[in-house]
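>
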Amino acid sequence: MHGRSRWLRRLLWTLAVVVTLGLAAVGGAGWYYSGFVIDPVHEAGYPLQVTAVRGDEVTIKGGTDTASPGTYGLTWADGNALLGPATAAGAGTVTRKVSRVVRGELRPGVRAYLDRWLWGHATPAAAGVPYTDVTIPSPLGGFPGWRTEGVARTWVIAVHGRNGGPGEALRVLPVFHSLGIPVLGITYRNDEGAPASPDGKLHLGATEWRDVAAAITYARRQGATGIVLYGWSMGGGIVPMTVRRLPGEPIKAMILDSPVVDWRAPIALGAEQMGVPGFLVPVGEWVVERRTGLSFDDLDHLRHAREFKVPTLVFVDDDDATVPPGPALRFAEARPDIVRLVRTAGGGHTGSWNAGPARYERELKEFVTSL
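Converting from the sequence shown to the numbering used here requires adding 17 to each position, the first position being numbered 1.
1) By Cβ distance, which residues of its chain are closer than 6 Å to ASN371, with the 5 residues on each side in sequence left out?
2) Should VAL385 be labelled buried (16 or more other beta-carbon atoms within 10 Å of its own) or exposed?
3) By Cβ distance, which residues of its chain are closer than 7 Å to ALA375, with the 5 residues on each side in sequence left out?
4) Closer than 8 Å is the cut-off here; do at least three beta carbon pairs connect the segment 259-279 with the segment 330-339?
5) Enumerate in chain order the residues of its own chain whose CB-to-CB distance from GLY96 is below 6 Å, with the five nearest sequence positions on each side excluded.
6) Are the beta-carbon atoms of MET271 and PRO283 separated by less than 8 Å?
7) Taking three-plus beta-carbon pairs below 8 Å as touching, is the segment 184-192 in contact with the segment 137-152?
8) PHE296: buried (16+ other C-beta within 10 angstroms of its C-beta) or exposed?
9) According to DSSP, simplified to helix, strand and coil, what is THR149?
10) Can you have a look at GLY44 and say buried or exposed, based on whether 16 or more other CB atoms are within 10 angstroms of its CB?
11) Would LEU388 be called buried (16 or more neighbouring beta carbons within 10 Å of its own) or exposed?
12) Rounded to a whole number of angstroms, what is the C-alpha to C-alpha distance between PRO341 and GLY79?
13) Suppose the cutoff is 6 Å on Cβ atoms and the five residues either side in sequence are ignored; what does the same chain contact list for ILE153 look like?
14) So, for PRO328: in the same chain, excluding its five sequence neighbours on each side, which residues have a beta-carbon less than 6 Å away from its beta-carbon?
15) How many whole angstroms separate the CB atoms of ALA74 and VAL115, which I take to be in contact at a CB cut-off of 8 Å?
16) Tell me whether ALA129 is buried or exposed, calling it buried when 16 or more other Cβ atoms sit within 10 Å of its Cβ.
17) Note down, in chain order, each residue of its chain lying with its Cβ closer than 7 Å to the Cβ of ALA211, except the 5 sequence neighbours on either side.
18) Around the C-beta of LEU40, are 16 or more other C-beta atoms found within 10 angstroms, so that it is buried, or is it exposed?
19) For TYR148, count the other beta carbons within 10 Å of its own beta carbon; 16 or more makes it buried, fewer makes it exposed. Which is it?
20) Checking 8 Å against the spacing of the C-beta atoms, do PRO156 and THR68 come in under that value?
21) Comparing C-alpha positions only, which one of GLY62, LEU358, ARG261 sits nearest to VAL333?
22) Please return the same chain residues whose Cβ sits closer than 6 Å to the Cβ of TRP226, not counting the five positions on each side in sequence.
23) Distance, Cα to Cα, ARG308 vs ILE174?
24) Give me, in chain order, the residues of the same chain whose beta-carbon lies closer than 8 Å to that of ASN207; leave out the 5 immediate sequence neighbours on both sides.
25) Which stretch, first to last residue, makes up the alpha helix (DSSP H) that contains ASP95?
26) Please classify ALA108 as buried or exposed, where buried requires at least 16 neighbouring CB atoms within 10 angstroms.
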């Protein structure tokens, strides 16, 4: 009897050790995966290789979206070119028209990336729009940005995506400049060259909205009487969070491009693409919440859809492989009274403009002038 009791205690002890080690392993994996979500990254990746340059055509190897229809940039460490449509495809290669080389030397061997912003981390001068560099004061310090020229009292505040920069707005600046509307291109916490958050982590909009609030205060002190918030990707999640948090500000409208309406969707998709086991996704989300203090329920704007009152223009691309368009589509379905939805195909994440610049700019101009 005593031998059986000792055997049972050993078995229970062994099971307890195994369970503890298993939980520690799962927790450690969840912690590791959470870093992909909340750790800022500022190093540019160059997944493509130029294999040939012949006349006004360039052949590119690598990537999965180099044949995407429309207009793009090709950006490398010390150069940039503007690309037109694809003209041919080979074994792992795509050939595209070169509209012009903006800077640097486009030659075989160059490592680059397909640039939906067109000009990379450039200034409004690249788009031919006059501007002034500005610094936006906030409790965390001064945030660098720029302001384009315009006489209108309504300003657009452009909020870029995760690990991005104000250059994401360059494509649409000519539209607003033609309407006389100033655009304030901002940075927010943890951007390169901007103040860091106290913990150095991305909060996916849960705290970044405060930096947009600082930009609104700055714009109003400079004479703005109305604000249009324009966000891409994560910026498209920060913008509605700002609207929810600041009901008393003169925010006249939201423009959202490939917005993160609910963070659970892109996190799950990213995990699948990285080969992360599905059971680790909720563990990683739980770790993110514990490491940052944010709430995924609070960041779910579809859950809070009835709180919004301002006109909203939403662009989604059906071929977005980064942020699933489903939540944004459901948001538009939930609020047809305020949302104007524009669906595109082939452009990918934040690529609705690239897939069809003329249509995008027409929709943008009609929406803004209707305000």
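No residue lacks a Cβ here, since even glycine has one placed at the ideal position from N, Cα and C. Small disclaimer: the values here were computed from a predicted structure and weren't measured.
So, from the listed chains and residues:
1) For ASN371, where only same-chain residues beyond five positions count, the Cβ hits under 6 Å are GLY87, THR88, TYR89, ARG133, GLY364.
2) buried
3) none
4) yes
5) Same-chain partners within the cutoff: ARG120, GLY121.
6) no
7) Touching, yes.
8) Here PHE296 is exposed: its Cβ has fewer than 16 other Cβ atoms, across all protein chains shown, within 10 Å.
9) strand
10) Confidence at GLY44 is low in this model, with a pLDDT of 45, below 50, so its placement is unreliable and the value that follows should be read with caution. Burial call: exposed.
11) LEU388 comes out exposed.
12) The straight-line gap from Cα to Cα measures roughly 23 Å.
13) PHE160, GLY162, ALA231, ALA232, TYR235
14) ALA270, ILE355
15) Checking the sequence, you will find Glu at residue 74 rather than Ala. Indeed they touch by this definition, with Cβ atoms about 6 Å apart.
16) Under this definition ALA129 is a buried residue.
17) PHE160, PRO161, THR204, TYR205
18) Its pLDDT being 37, under 50, LEU40 is placed unreliably by the model, and nothing is read from it.
19) TYR148 is buried by the Cβ-count criterion.
20) At least 8 Å separates the beta-carbon of PRO156 from that of THR68.
21) Of the listed residues, the one whose Cα sits closest to VAL333 is LEU358.
22) ILE255, MET258, THR259, ARG262
23) For the pair ARG308 and ILE174, the Cα-to-Cα distance works out to about 29 Å.
24) Answer for ASN207: PRO57, ALA213, SER214, GLY217, LYS218, LEU219, listed in chain order.
25) It is not in any alpha helix (DSSP H) - ASP95 carries neither H nor E in the DSSP assignment.
26) Looking at its Cβ environment, which holds fewer than 16 other Cβ atoms inside 10 Å, ALA108 is exposed.
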